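Some notes on the structure that comes next.
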Amino acid sequence: MLLLFICYILKKSVGKPVIVLPAASEMNASVTANINKDSQRYNAPQKAKQICKRQSHIKHLITFLSSSVLPPPQLSTSSPSNDSIIVSWAPVAHAVQYTVSIYKLGSNTDLKHNTSDTNLTISGLDAGSLYIITGAAWDQEGRKGEGSVHISQTTRKDALCVSFQSATLDQEVYGSIEYFVTSDQNLTCNATSSSCTLSPVGCGEVHIIQVIGSNDAGPSAVLSVPCPPESLDLDELTEGNCTLTWNAVPHADSYAAFIKRGDGGEEICNTTTNSCAYHCQCGYTYLVSVLAFNQAGASPPGENVNYTTLPCCPEGVSVSVVNTDTLEIMWTASRGAELYETRAADSSEVILCNDTAPVCALSDLSCDSTYSVVVTPCNEISGCNHACAAHTKDTAPCMLTNLMLDLKNASCVNVSWDANNRPATYAVSAVGDDGQHTCTTTGNSCSIADLPCGSTYEVSVTASSAAGESLPSYSDFVETEPCCPVNLTVAQVTQAMTNVSWSHAKGAYSFITSLTSPRGHARCHTQDSHCLMGCITCGTNYTVTMEAFSHSGRRANCTYEGFSSSICCPSGVRLYKLSSNSVRLYWRSAGSSHGYITEMVGSSNNYTCTASPGENSCDVANIQCGAIYHVVVAPLTAEGSKVHFCPQRTYSDCAVNIIFMMLNDTNAH
């Protein structure tokens, strides 16, 4: 089939593309169409004018509505010359400036013109070329309004003389061909050669020319603009790489894909195939359309396809340990995300959190575990982006159990526990009224030394690692041995009884005090700071010890300087009257290593005498007769002091005869 329809689009006139025929110097100038000869003939099925009328300019491709931007200007175009196009529009309310963009089909050149008027003449264009034009308004705050529909406009043909050449047949055609040339202004010519003349043609006239070849089988088909591409399909094969495909259109020579991004960015892809690859950014909605082109012009606008890419992966993701079972994940909000799914997984469980905010807390996690944390952005249109990177985070060590305390000695406690953590450092803390005592280890036991006596400590253990710190173990309490009283005093009250007293002892609740000797011992148990002990043997050396007990029964053994009981008081004290008012005192001695002192205390006179060690009598002279005397015989200590608790005896001179009688009796014996 021979396709010979030729149409040059110069301007838009009431929505119709027209052809400008060359002006001649005379009104009867002619137009010549050169037609290749062939041996076959075709009949014209319809008028050329009807075909050209079926062409239309490129219509609106992308409409992006926004209540916060100015509406698009309604553009109209015309080509007054072969190198210029006039663009005009009605004023847009609140607009202070306009931007007009013009793009030549098949070129990489995109020219922008700014103006505050409502019309613009664009010069320096190529003759006979198809240009795509769009515009936008700007408000006084510098915000760009919505883009207008795309308008197609062809500049006038360069020369005043137009010639037409027939196309080469794809295959050899049988028979002779007759060519029929028709103008929309009712000018016709026909020929079997490659040219014919239309006349008369006036200068400045616009003609639409149709050339039809015909042989015995009938006329050739008339070429019109191609149909718009159908079955548009957009796939994002890998993140950021999109491919737009469509069904091939019969009689289309090339295609232009218009790709408009949600933020106003626009890209045009020219191709001769039925696919177009382009870089698509995450988190955007794209509006795409495709026009088909051939020699007759551009196809009518076809379908528009909306495609939303996957939301972008969040950036600045940070995972921190809040406590032993909780991770807090924070990130920067990502473009295109309406919801975030945060997922933490270890070898045994998966924890999920869905939220619209760029922060999430995952709790009830296993302690001392490694979690893989992924933040997945999602939206309702494109779904979820599962290609986001994972972040690894360890949870803090587990809390220790089965805490055991063993007081090794008076000032050292050994702490042990059960632990199933990975390598960690353990810190033991003992807190008492004197402050905190600690020890650290990587094992499962630790000793705290130099603890003061009489203290109570609350003991706990904490595990720590690079991931954080565990909860403290359950506490246990330990008491050190009570302190021994610093000062202890033994005072003899009577010859057989002593009073033991002592200073305060920290941590001591009760005391057992003992006086021990080979001749016997004495003991008392009290909560007081003193006690009386009887059954003391005079003249005996005692060992003094004490046991101090805490509330929990811990015992401290205390040893003090020995105690010696006083010398025994003499027995058998007697008074014998001698001559010359003298009296002899006699007694039975308990030992010969110490001396004695005797005291006679009367109502008006007092008398004393001493006996050297080994002696058991003492004479007192010049006794006043007729008086009553209180007599005490007491041993002397090594320091020369008197033992004060020997008994006192009373004597009267009324018994002088008896005394003498006793003395006589004694002498008689």
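Counted the way mature numbering (1 follows the signal peptide of the UniProt record, and there is no 0) counts, the sequence shown spans residues -15 to -1, 1 to 654. For each residue, glycine too, the CB sits at the ideal point set by N, CA and C. Small disclaimer: the values here were computed from a predicted structure and weren't measured.
- Minimum Cα-Cα distance from V134 among the listed residues T635, C424, T425 and P285 corresponds to P285.
- Minimum Cα-Cα distance from A412 among the listed residues G113, N405, K378 and P457 corresponds to P457.
- Residue range G420 to T426 is occupied by the beta strand (DSSP E) that includes Q421.
- Secondary structure within the region 353 to 440: the beta strand (DSSP E) runs of 3 or more consecutive residues, fully enclosed, are 355 to 364, 376 to 379, 386 to 394, 397 to 403, 410 to 417, 420 to 426 and 430 to 433 (chain order).
- Excluding the 5 residues flanking it on each side, T410 has same chain C-beta neighbours closer than 8 Å at T425, T426, T427, A448, S449 and S450, in chain order.
- Taking 8 Å as the cut-off, the Cβ atoms of V616 and C631 do not count as close.
- Residues T522 and T525 of the same chain have their beta carbon placed closer than 6 Å to that of R504, with the five preceding and five following residues left out of the count.
- Secondary structure at I582: strand, using DSSP grouped into helix, strand and coil.
- Counting other Cβ atoms within 10 Å of its Cβ, A78 stays below 16 and is therefore classed as exposed.
- Straight-line measurement puts the Cα of V358 at about 26 Å from the Cα of A404.
- Ranked by Cα distance from G132, the options P296, A374, G120 and E126 are led by G120.
- Selection S351, Q138 and R559 evaluated against L60 yields Q138 as nearest (Cα-Cα).
- Spatial neighbours of P56 in its own chain (CB-CB distance under 7 Å, excluding positions within 5 residues in sequence) are listed in chain order as V77, G130 and E131.
- Where P185 is concerned, the enclosing beta strand (DSSP E) starts and stops at C181 to V186.
- Only residues of its own chain outside the window of five on either side were considered, and among them P211, C212, P214 and A277 have a CB closer than 6 Å to the CB of V234, listed in chain order.
- Residue environment for V304: buried (at least 16 other C-beta atoms within 10 angstroms of its C-beta).
- Between the region 257 to 267 and the region 188 to 200 there are fewer than three inter-stretch CB-CB distances shorter than 8 Å, so the stretches are not counted as touching.
- By the Cβ-count criterion, G321 is buried, with 16 or more other Cβ atoms from all chains shown falling within 10 Å of its own Cβ.
- Cα atoms of Y442 and M482: separation of roughly 41 Å, rounded to the nearest angstrom.
- Under DSSP, W74 forms a beta bridge with L60.
- In the assembly as shown, V307 is an exposed residue. Its beta-carbon has fewer than 16 other beta-carbons within 10 Å.
- Runs of the beta strand (DSSP E) lying entirely within the region 542 to 577 and spanning at least 3 residues, in chain order: 556 to 562 and 568 to 573.
- Residue state for G113 is assigned as coil, using DSSP reduced to three classes.
- In this structure, the beta-carbon distance from A75 to T103 falls below 8 Å.
- Residue burial annotation: L217 is buried, with at least 16 other C-beta atoms found within 10 angstroms of its C-beta.
- Shown here for G109: same chain residues with a beta carbon closer than 7 Å to its own, the five before and five after excluded, namely D68 in chain order.
- With fewer than 16 other CB atoms across the displayed protein chains lying within 10 angstroms of its CB, P598 is exposed.
- In the three-state scheme derived from DSSP, where H, G and I count as helix and E and B as strand, I608 is classed as coil.
- Here the C-alpha atom of H629 lies approximately 32 Å from the C-alpha atom of A490.
- Contact between I107 and I87 is confirmed by a C-beta separation of about 6 Å, below the 8 Å threshold.
- Taking every protein chain shown into account, the CB of M389 has fewer than 16 other CB atoms within 10 angstroms, so this residue is exposed.
- Assignment of R508 by DSSP, reduced to helix, strand and coil, places it in the strand class.
- Just measuring C-alpha positions, the residue of H506, F496, V529 and C397 sitting nearest D513 is F496.
- Per DSSP, S333 lies in no beta strand (DSSP E) and is assigned neither H nor E.
- Just so you know, the alpha carbons of A342 and L324 end up roughly 8 Å apart.
- For T317, the enclosing beta strand (DSSP E) begins and ends at T311 to T317.
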